[in-house]
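All residue numbers for the first sequence refer to my numbering, where the first residue is 1 and numbers rise by one. We treat Cβ as the ideally placed atom computed from N, Cα and C, and that holds for glycine. Since this is a predicted model, take the numbers as computed values, not measurements.
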Amino acid sequence: MEYNHREVEARWKSKWDQDQTYKVSNDSSLPKFYVLDMFPYPSGSGLHVGHPLGYIASDIIARYKKMSGFNVLHPMGFDAFGLPAEQYAIQTGIHPAESTRQNMQRYRDQLHNIGLNYDWSREVITCQPEYYRWTQWIFLRLFEHYYDTSARKALPIARLSEHFSKRGTEGLTAHGLEELEFSSEDWQQMSALEQADVLMNYRLAYRKLSYVNWCEALGTVLANDEIKDGVSERGGYPVEKKPMMQWALRISAYSERLLRDLDTLEWSESLKTMQRNWIGKSTGALIHFKVENSNEAIEIFTTRPDTIYGVSFMVLAPEHSLVSSLTQDNQKEEVRNYLDYVAKRSDRDRQSDQKSVTGVFTGSYAINPIKGDKIPIWISEYVLIEYGTGAIMAVPGHDTRDQAFARKFDLPIIQVIDQSAAPGSSIEEKKGTLIHSGILDGLEPEQAIEQAIAEVEKRTVGKRKTQYRMRDANFSRQRYWGEPFPVWYDQEGICHPMKDEELPLTLPFLQQIQGGTEGKSPLAAAEDWVYFSEGNSRETDTMPGYAGSSWYFLRYMDPSNEKEFASREALSYWQDVDLYIGGTEHAVGHLMYSRFWHKFLYDLGYVPTIEPFKRLVNQGMIQGVIDSMALIKDSHPPEFISEDLVGERPSEEIAWIPVHKDFVKQYGSPDAHLDKAGILSFIKWRPDFEHAVFTDKNQSATADQLSENFCIRTRSEVGKMSKRYHNVVNPDDVVEEYGADCFRMYEMFLGPLEDSKPWDTKGINGVSGFLKKYHQLFYDENKNPSLDDSAPSKEALKALHTCIKKVRSDLESLSFNTSVSAFMICVNELRRLQCQSKEVLLTLNKLLAPFAPFITEEIHHFYGGTGSVHHQDYPVQDESCLISDEINYPVSVNGKKRYEWIVPRSTPQSELENSVLQLEEIKKWVEGQTIKKIIIVPGRMINIVI
RNA sequence: ACCGAAAUGGCGGAAUUGGUAGACGCGCUGGACUCAAAAUCCAGUGACCUUCAAAGUCGUGUGGGUUCGAGUCCCACUUUCGGUACCA
């Protein structure tokens, strides 16, 4: 009998909705388990087959845990504020709220189709005022707190004002941007604005001058990503580094805790390493270098104070505040030209392009505070203003970048460590003995570092410092589609928080969304909203995408609470996320910000755990294949040629035009090409190429004149699946053709969850065939039950329990691909055995339920099961069914396998050793040789060494 | 450039602590059924050598190393993917 997935799946989908099969209660005596997916941004191209990979995995785990006796929270929502909706609005005039609403509905339908067991009543949407009210509320808490370095936690800012009025900055233990020093009298005499500025220096949410990539033509700030060769990727407009007052979050205050608490998490070592490197803790010294003939000093941070005698020049970042004052008249022109050049380069370019070393001399000199010599001060793009102090002491003898710079500009390279005793070590390794280094001579680098720090501290020209690479997070966006800041500025420019009861501050509706000029945000256009009362004005920047996503997992615990972001009871029951699954692209950004917010909320006593995500797994990306046709540049009429004809043509003569995947024959294979029909579809899609000429091996003609056997090959590359490349594969199409069960199992079967892999539908027939065979086990030709109550055979029980054991251990390690193959092996075996035992097959049906929720629910009810199959107990293996009486030993000679030897399990080792040499197949290999030893690994293998 | 990951048949991938490389599936080849095709079922399928078979040799990105034994551990490299702070 044929299994009709369309009918069965539609029926159970609505039955599950109706019965609220997946509704989760906070009121339960059962132990909790919280499985979370990274919620999607609802983009205009819909869900593609890559998204569900992680969702299916978490769904299987959620169902498995539920069947194992847990109360499982498995929610879904939308990260609904974001740039694409805003850009779409600018292009089309459709309001982001509207396009986002439509996209979300499409996503919901798609997710529903896959049979995911979300409790949709807990849906969280970041762009809704009911939600972002609490995002704003958390922002106000950040604004109202500072980080106390002694208490090692966030404390109310009011304590600071109190401290200042009593003692000034004396004994201050607050994490600040700049080190300030003033007395209590100074504080009393400050104006309200001055006091506000001082406090701003310590708030966890604060305003500071930051550099952004400003594009005047687009009226917006750009990400480094959006800049190519110094101009905007979109439109090719000039981009400049512009200083602007921006909100920032003081994540740097939490560096040490973010670093230390990584040890408590069940995350992959590689991911923890990435976070550790991102935090980038390093110890060293801050050292001041006086500028010759000036009162100025340059502050630098170095991890290698031991090499201070090797400093032969200093380098400032081009944006460094001392650049203009240190530039001598005769260098002015050159410096200005250089700054113009640097302004056009992104941070990425500046770091990655290390072959072309650039820089300019300021004309000024600094004095080495230990050695006392005079050294030139240069400016170079390889020093970044955002890292450290934005200035370095250059030691070309022991730093490769400094060395490249010294070579290029012919500056002295001084060796201060004799590394001859450690051959093969790089110049940067801390191996050898200090030389030419005065008081440090003869020391090893590690000792010399300590000695040098002691020396600079003694001379009060510097001090020991632990530095973190992680910078404070920029929290302002000059965008419309984001959370408004719940603050306002008075006439003096003092920033005031709104009251909690005034929240939410809703985003005003703008008919036209436009980038401003000179850094103004689109919200500036909503004048009634901005100037809400006489002399006062609102902040016109909005919060970035990660604001809403930094705490959404807490809201799922109590999504409709209007009094709190979540109740104490809900928080104390659900605690934290037990398993979090999402893409590796969030490895540092989102995961670091969420951890920071969570720790802050912990400090304030709102959440019970120090970390939000106990176990985390990054699923790999499912990539698409991007097919492009070769267009000869500047050809008239435009000429496309087959990929195999491109041959030796220089790459600058060819433009690669992406082709919609639906036009491509043999899509995803090495033989991918367009035939005549494909070309006709292509010109219908791209009418601008209507008169183009297409050339393959045999002919060259316009579209309508092509012969039937025409074949133009395309270039295929693996890349992101995205609307931009016209290669999005919609899960709905796969579900329609093969069913959700099949789609789910096929995605899992593709390979390990954590690996990236290109999408390919070719193998899906294997899983589809499996489900058909599975179905046939339960039904005879007349749709009647084919199972009975007969006692199962020993072989059938062994097949079943082998499968249970494998699947259970695979579920714990999230190895879904091998559990699918375990099911295949089991079903093949039970078919071969013609097993008709209810005991075996209905147990197998429960085992498969988390993977294939529809077909198993159908079978469960067909055999009179009550309730949902998804509420049954998950099968447990019976080890006694698994033991075999024989062992199959591979017998190797010198590590090369020569024979397979089956012996009874009970054979003692001594007997194995004696009789293995009597085997005919082994004798011929060892005859006449001296046997050195025989290695027997019990139950595993035997190796004879000669 | 820096940080992280990956590389195994024609393809996706499998392989407890180092212990039978290629499970499972796709594809392909041959056969059965059929007038024929599709579907289904059965058998074969890493490469080389060999008339066939048996047997053998080689084989997990490249080059070295450790070991009785290396896909797995160590060193050096190549390529691809993700991230690098305003894409999400």
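### Selected residue, minimal CA-CA separation from GLY769, among LYS783, LYS798, GLY739, ASP662
GLY739
### Task
Keeping to the same chain, check which residues put their C-beta closer than 7 Å to that of TYR552; ignore five residues upstream and five downstream.
PHE39, GLY77, VAL124, THR126
### Query
Among residues of its own chain, excluding the 5 on either side of ASP19, which ones have a beta-carbon nearer than 8 Å to its beta-carbon?
A distance below 8 Å between beta-carbons, with the five flanking residues on each side excluded, links ASP19 to the following residues of its chain, in chain order: SER868.
### Query
What alpha helix (DSSP H) runs, 4 residues minimum, are completely inside the region 610-652?
none
### Residue environment, TRP685, which counts as buried when at least 16 other CB atoms sit within 10 Å
Per the 10 Å Cβ criterion, exposed.
### Query
Which one of TYR580, VAL231, PHE409, PRO376 has the shortest CA to CA distance from MET393?
With distances taken between Cα atoms, MET393 lies closest to PRO376.
### Query
Quick one: what does DSSP say PHE778 is sitting in, helix, strand or coil?
DSSP places PHE778 outside both helix and strand once states are collapsed to three, so it counts as coil.
### Query
Smallest Cα separation from SER628: which of VAL718, ALA677, GLY545?
VAL718
### Query
Where in the region 794-834 do unbroken runs of the alpha helix (DSSP H), each at least 4 residues long, occur, reported from the N-terminal end onward?
794-812, 816-832
### Query
Rounded to a whole number of angstroms, what is the C-alpha to C-alpha distance between GLY93 and LEU172?
52 Å
### Query
Contact check, LEU384 vs ASP347 under 8 Å by CB: the rounded distance?
6 Å
### Query
Which ranges does the beta strand (DSSP E) cover as unbroken runs of at least 3 residues, wholly within the region 688-766, from first to last along the chain?
693-695, 700-702, 715-719
### Query
Cα-Cα, which of ARG401, ASP186, SER420, ILE435 is closest to HIS414?
Note that residue 414 is Ile in the sequence shown, not His. Minimum Cα distance to ILE414 is reached at ILE435.
### Message
So, with DSSP's three-state summary, where would you put LYS661?
### Response
helix
#### Entry: Cross-strand partners of VAL35 (DSSP beta bridge)
LEU579
### Task
Can you tell me which of PHE743, THR802, TYR237, ASP186 puts its alpha carbon nearest to the alpha carbon of LEU844?
THR802
### Query
Can you name the residues that DSSP bridges to ARG538?
Answer is TRP488, bridged to ARG538.
### Task
Whole angstroms is fine: what's the gap from GLN195's alpha carbon to GLN102's?
48 Å
### Task
Measure the beta-carbon distance from PHE854 to GLU240 and round it to whole angstroms, keeping in mind my assumption that it falls under 8 Å.
Actually they are not in contact, since the Cβ atoms of PHE854 and GLU240 sit about 57 Å apart, beyond 8 Å.
### Query
How is the beta strand (DSSP E) around PHE313 delimited, first residue to last?
313-316
### Query
Between the Cα of GLY438 and the Cα atoms of LYS431, LYS430, ALA448, GLY432, which residue gives the shortest distance?
ALA448
### Enclosing beta strand (DSSP E) for ILE375 [first to last residue]
374-379
#### Entry: Cβ neighbour criterion (16 or more within 10 Å) applied to LYS463
LYS463 is classed as exposed because its beta carbon has fewer than 16 other beta carbons within 10 Å across all chains shown.
### Message
Considering Cα atoms alone, identify which of PRO890, GLN909, MET592, PRO875 is closest to TRP901.
### Response
PRO890
### Query
So, is GLY515 buried or exposed, given that buried needs 16 or more other C-beta atoms within 10 angstroms?
buried
### Task
With DSSP collapsed to three states, give me the class of TRP137.
helix
### Task
Decide yes or no for the touch test of the region 782-794 against the region 830-840: beta carbon pairs closer than 8 Å, at least 3 of them.
yes
#### Entry: Segment contact, 8 Å Cβ cut-off, at least three pairs: the region 172-189 with the region 581-589
Proximity of the region 172-189 to the region 581-589 falls short of the contact definition, fewer than three beta-carbon pairs being nearer than 8 Å.
### Task
Could you give the DSSP three-state label for ARG234: helix, strand or coil?
Residue state for ARG234 is assigned as coil, using DSSP reduced to three classes.
### Message
Rounded to the nearest angstrom, what separates ALA57 and ASN817 at their Cα positions?
### Response
10 Å
### Query
In the DSSP assignment, what are the bridge partners of GLN467?
SER282
### Message
In this structure, how does DSSP classify GLU216 when only helix, strand and coil are distinguished?
### Response
coil
### Task
Please look up how many angstroms separate the CB atoms of MET748 and VAL807, rounded, as I've assumed it's under 8 Å.
About 12 Å separates the two Cβ atoms, so there is no contact after all.
### Query
Mapping DSSP to helix, strand and coil, what is GLY77?
strand
### Task
Using only alpha-carbon positions, find the residue among ALA85, ARG167, ALA151, GLY50 that is nearest to GLN110.
GLY50
### Backbone secondary structure at MET498 - three-state DSSP
coil
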